[in-house]
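Undergrad: Please find one structure pasted underneath; my questions will follow.
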Amino acid sequence: MAWTVESLQQGYPGKSKHHGGLGWSTIALARGPEGRLAVLDTGGFGARRRLLTQLAAAGVAPEDVTDLLLTHLHYDHCLNWPMFPRATLHAGAAELEMALGLPDGDPLYPEFTIRELARHPRLRRLEDGPTGLPGIACFTAPGHTMHHLVFVLEGPVRTIFSADVAKNRSELATGRADMTLDAAAHAASIARLNAAWREVPGTLLLPGHDLPLLLDEAGNMVAQGDRTAAIDAWFGASLEEVTRFDLTEGAA
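Residue numbering for the sequence shown follows this note's numbering, starting at 1455 and increasing by one per position.
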């Protein structure tokens, strides 16, 4: 049951200093057996136009997507599920129940989006193990949230979609996370993720806020593709006066 995975949006390993969450998270498209098309995480509201553009470039309309897999229910990963009108939605049962119990106004969980998700007629509530999609399994990796899921997709290139268990290379390398509810549990989850990554040579890892990663023969992380990230700003009195801030490593 082979799946092929491609990136729809690069995750970015950064934070906004003065304007709240940046939330530029990884979104992926997986093509599977019997014509199945799965989107893994959805990004935040600001990703909608970009997501539509990237889907169109991949030859996919939102209504073509058969399945949507959500690692966790923070706003920058789950908010755009209504874009996919025919998809079956797959979300962690424990994550959903926890999120439904939070008071309105939580800084990370979009309450109205989650309530609608919980009563969706095509929602599947996931536990550890098989997802119901042939060739895709999941496991719980607590820390960033206590019920965060990691998806493992079998195919010509085995792919692990890990989202915010380890958001970037720094967290994978150090075993420590920047945003955690339980540092010890999170460290154990990152260790488990690293072990799963190394089980099968050539496995591709998609972290939540970084480029896709492979391991070389020496076990070193190698980013796949070039980072693209920039902000255009208008500081002057003319629309033609545009200041572009390159947010990639080369400009740092």
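Glycine included, each C-beta is placed from N, C-alpha and C at the ideal position.
Mapping DSSP to helix, strand and coil, what is R1540?
TA: coil
Undergrad: Excluding the 5 residues flanking A1572 on each side, which residues of the same chain have their C-beta closer than 8 Å to its C-beta?
TA: L1550, L1554
Undergrad: On the DSSP bridge list, what partners appear for L1660?
TA: F1615
Undergrad: So, for E1565: in the same chain, excluding its five sequence neighbours on each side, which residues have a beta-carbon less than 6 Å away from its beta-carbon?
TA: D1558
Undergrad: Report the three-state DSSP secondary structure of S1461 (helix, strand or coil).
TA: strand
Undergrad: Check the C-beta distance from E1517 over to A1482 and give it rounded, since I have them as a contact under 8 Å.
TA: The pair is not a contact, with the Cβ atoms about 19 Å apart (cut-off 8 Å).
Undergrad: In chain order, which continuous runs of the beta strand (DSSP E) of length 3 or greater are located wholly inside the segment 1499 to 1579?
TA: 1521 to 1523, 1542 to 1546
Undergrad: Helix, strand or coil for T1697? Go by DSSP, reduced to three states.
TA: Reduced to three states, the DSSP call for T1697 is strand.
Undergrad: Helix, strand or coil: which one does DSSP assign to P1666?
TA: coil
Undergrad: Apart from the five residues on each side of it in sequence, which residues of its chain come closer than 8 Å, Cβ to Cβ, to D1495?
TA: S1479, T1480, I1481, A1482, L1523, L1524, T1525, H1531, C1532, F1615, A1617, G1662
Undergrad: Starting from A1591, trace the beta strand (DSSP E) both ways and give me its first and last residue.
TA: 1590 to 1594
Undergrad: From the DSSP secondary-structure annotation, give me the bridge partner or partners of P1584.
TA: A1591
Undergrad: Compare the Cα-Cα distances from A1600 to each of L1587, P1610, T1628, A1638 and report the closest residue.
TA: Checking the displayed sequence, the identity of residue 1600 turns out to be Met instead of Ala. Per the Cα distances, A1638.
Undergrad: Using CA coordinates, which residue listed in G1497, A1492, Q1463, E1581 is at the minimum distance from A1541?
TA: A1492
Undergrad: In chain order, what residues of the same chain lie with their CB nearer than 7 Å to the CB of L1580, ignoring the 5 residues before and after it?
TA: H1544, A1545, G1546, A1547, C1592, L1603
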